[in-house]
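A.B. asks: Sequential numbering of the sequence shown, starting at 1, is according to full-length UniProt numbering.
All residues carry an ideal CB built from backbone N, CA and C; glycine is no exception.
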Amino acid sequence: MAQAVAGWPADWKPAATAVIIAAERHRSVGCVTGTSMNRRGSGTQMPRRAVVTGAGGMLGRHVVARLTQDPGWAVTAFIRTETPAEARGWLNARGVQLIEAPLTDAHAMAAQTPDDTDVYVHLAADTSTDPRDRARQWQTNVAGTAAVAEAVLLTRVRRLVHVSSASVYGFDRRRVDEHCPKVGADHPVGYVASKAAAEEAVQDAIARGVDAVILNPGHMLGAWDRHNWAGLIRLAARGRLPAIPPGGGSFAGAAAVADAVIAAADRAMIGENYLLGGPEASYQELIRRAGDILGRRLTDRVAPPRLLMAVAQTLGLVSRLTGLRPTITPDAARITCHMVAIDSDRAKRDLGYAPPPLDSILRETIDWLIQAGEIDAPSSSTGPVR
């Protein structure tokens, strides 16, 4: 795409690029956009279109489920070539238009963005805490976010909703709100550094004319969680959690976060951050309540911070020697040794954010873990989960 305008005068390049992008969009999704134009021309009210990245992940599925239940929305998902068949099937069953495009290629995404797109919802992220994944993580979280913002700029889509993380406010305060200073891209935890750098990319895009907002969820729990905080519950329920991390945090229900994401498409202020927290609990309390719901006693042993870090460093060494993934990494230990509460007043006021009670979030999470075969259901003597 850049080569096609390389010989043009410098001040013509943005306009020339936009013209070429528009031509590519009509060629690649012409049947979709042509239908939309015909319907609009006939005076029929068309649904708004959201383009979603990370649609197959936990939060992505909650957002897609909400959008596809609303006749006022149509959904397109940018997916990777390696997106699993299960995720593709789940999205197809909900009428989502699937488009394969590399997350780091702004021009490819722009060329395939449907003409009727109203908002980009950028959820794709790499949450690994393994230092071996940092290069890949930086590509996904930072280069990917910069490319998405560039695609929004090229296509002149009305708004970008970028989902970041509350961790960009660091772990050194007892409570955070949007006025607290953020950490930088040099933070020692790779995931946190990458999310901080991604926010910088969004702010750069805002300075260039992109209408973007940033949401910062806390510890999310809910259905479809295979890789994040539900992992603690899974390990404890399987009897494979030798000790509980000493920290805790604000737990946000993924469904409530999804509602806030959709509300942000219209109600959030450009350039603002919105922290999305929830009930505060230590990890020890989280596991205790999970055990109550499951009807059995789970471990209540808490690891001291120094011991947890020592174990993580030892497992990291073993991992380097064997190639096996460690059950906890030094980065994960740094995160889980802290207790940070989140002030969500701005999101409650502007977005109508309504965090559910902790037991409600836990029941949804545990129900899904049981249905997915990740943990055993309660015995008949203890009654059902609900």
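Does the structure place the stretch 292-305 close enough to the stretch 368-379 that three or more beta carbon pairs sit under 8 Å?
C.D. replies: Yes: the two stretches touch, three or more of their Cβ pairs being nearer than 8 Å.
A.B. asks: Using a threshold of 8 Å, state whether the C-beta atoms of alanine 263 and glycine 352 are closer than that.
C.D. replies: Contact flag set, yes.
A.B. asks: Between which two residues does the beta strand (DSSP E) carrying tryptophan 224 extend?
C.D. replies: Taken as a continuous stretch (DSSP letters only), tryptophan 224 belongs to no beta strand (DSSP E), as it is neither H nor E.
A.B. asks: Exposed or buried, which one is threonine 81 when buried takes at least 16 other CB atoms within 10 Å?
C.D. replies: Exposed is the call here.
A.B. asks: Kindly indicate which residue of Val152, Arg267, Val340, Leu235 has the alpha-carbon position closest to the one of aspartate 116.
C.D. replies: The candidate whose alpha carbon is nearest that of aspartate 116 is Val152.
A.B. asks: What's the gap between the Cα of alanine 205 and the Cα of alanine 149?
C.D. replies: For alanine 205 and alanine 149, the distance between alpha carbons rounds to 6 Å.
A.B. asks: Evaluate the contact criterion for the stretch 178-196 versus the stretch 270-281: three or more CB pairs, one atom per stretch, below 8 Å.
C.D. replies: Segments in contact, yes.
A.B. asks: Excluding five sequence neighbours on each side, which residues of the same chain lie with their C-beta closer than 6 Å to the C-beta of phenylalanine 171?
C.D. replies: For phenylalanine 171, where only same-chain residues beyond five positions count, the Cβ hits under 6 Å are His338, Val340.
A.B. asks: Quick one, which of Gln284, Val163, Arg349, Thr68 has its alpha-carbon nearest proline 242's?
C.D. replies: Taking only the C-alpha atoms, the option nearest proline 242 is Gln284.
A.B. asks: Any contact of the stretch 321-335 with the stretch 121-131, i.e. 3+ C-beta pairs under 8 Å?
C.D. replies: Yes: the two stretches touch, three or more of their Cβ pairs being nearer than 8 Å.
A.B. asks: Is it true that the stretch 231-245 meets the stretch 61-74, where meeting means three or more beta-carbon pairs spaced less than 8 Å apart?
C.D. replies: The answer is no - the stretch 61-74 does not touch the stretch 231-245, with fewer than three Cβ pairs under 8 Å.
A.B. asks: Less than 8 Å between the beta carbons of threonine 127 and asparagine 228, yes or no?
C.D. replies: Contact flag set, yes.
A.B. asks: Could you tell me which residues DSSP pairs with glutamine 97 in its beta bridges?
C.D. replies: Bridge partners of glutamine 97: Thr76.
A.B. asks: Determine the DSSP secondary structure at methionine 189, reduced to helix, strand or coil.
C.D. replies: Per the sequence presented here, residue 189 reads as valine, with methionine not at that position. In the structure shown, valine 189 sits in coil (DSSP, three-state: anything other than H, G, I, E or B).
A.B. asks: Can you give me the start and stop residues for the alpha helix (DSSP H) that leucine 317 sits inside?
C.D. replies: Here the alpha helix (DSSP H) through leucine 317 covers 305-322.
A.B. asks: Please state if the CB of glutamine 139 and the CB of threonine 104 are separated by a distance shorter than 8 Å.
C.D. replies: Their beta carbons are under 8 Å apart, which means threonine 104 touches glutamine 139 by this criterion.
A.B. asks: Quick one: measure Cβ to Cβ for tryptophan 224 and tryptophan 368, integer angstroms, because I've assumed they're closer than 8 Å.
C.D. replies: Sure, about 7 Å apart at Cβ, within 8 Å.
A.B. asks: Using CA atoms only, rank isn't needed, just tell me which of Glu200, Leu315, Val168 is closest to valine 189.
C.D. replies: If we check each option's Cα against that of valine 189, Val168 comes out closest.
A.B. asks: Return the residue from the list Ala197, Gly277, Ala93, Thr314 that minimises the CA-CA distance to asparagine 141.
C.D. replies: Of the candidates Ala197, Gly277, Ala93, Thr314, the one whose C-alpha sits nearest the C-alpha of asparagine 141 is Ala197.
A.B. asks: Out of curiosity, what's the CA-to-CA distance linking arginine 156 and isoleucine 370?
C.D. replies: Distance between the alpha carbons of arginine 156 and isoleucine 370: 44 Å.
A.B. asks: Would you kindly report the start and end of the unbroken alpha helix (DSSP H) that includes alanine 255?
C.D. replies: Start and end: 254-267.
A.B. asks: Give the straight-line distance between the Cα atoms of arginine 48 and alanine 265, rounded to the nearest whole angstrom.
C.D. replies: Computed Cα separation, rounded: 11 Å.
A.B. asks: Rounding to the nearest angstrom, what Cα-Cα distance links arginine 61 and serine 164 in this structure?
C.D. replies: Taking the straight line joining both Cα atoms gives about 17 Å.
A.B. asks: Under 6 Å Cβ to Cβ from serine 282, same chain only, skipping five residues before and after it: list those, please.
C.D. replies: Around serine 282: Gly248.
A.B. asks: Taking only the alpha-carbon atoms, compute the straight-line gap between arginine 159 and alanine 146 and give it to the nearest angstrom.
C.D. replies: If I take the Cα positions, the gap works out to 15 Å.
A.B. asks: Find out if the Cβ-Cβ distance for the pair glycine 253, glycine 278 is shorter than 8 Å.
C.D. replies: Against a cut-off of 8 Å, the Cβ pair of glycine 278 and glycine 253 comes out as a contact.
A.B. asks: With distances taken from CA atoms, which of Ala166, Val161, Asp186 is nearest glutamine 203?
C.D. replies: Closest option to glutamine 203, Cα to Cα, is Val161.
A.B. asks: With DSSP as the reference, label serine 194 as helix, strand or coil.
C.D. replies: Looking at serine 194 - three-state DSSP - the assignment turns out to be helix.
A.B. asks: Are the CB atoms of glycine 54 and leucine 98 nearer to each other than 8 Å?
C.D. replies: No. Outside cutoff.
A.B. asks: Within the continuous beta strand (DSSP E) that includes valine 213, where are the two ends?
C.D. replies: Counting along the chain, the beta strand (DSSP E) containing valine 213 begins and ends at 212-217.
A.B. asks: DSSP on aspartate 350, reduced to helix/strand/coil?
C.D. replies: If DSSP states are grouped into helix, strand and coil, aspartate 350 belongs with the helices.
A.B. asks: Measure the alpha-carbon distance for residue 387 versus alanine 125 and round it to whole angstroms.
C.D. replies: Because the chain spans 1 through 386 in this model, residue 387 falls outside it and cannot be assessed.
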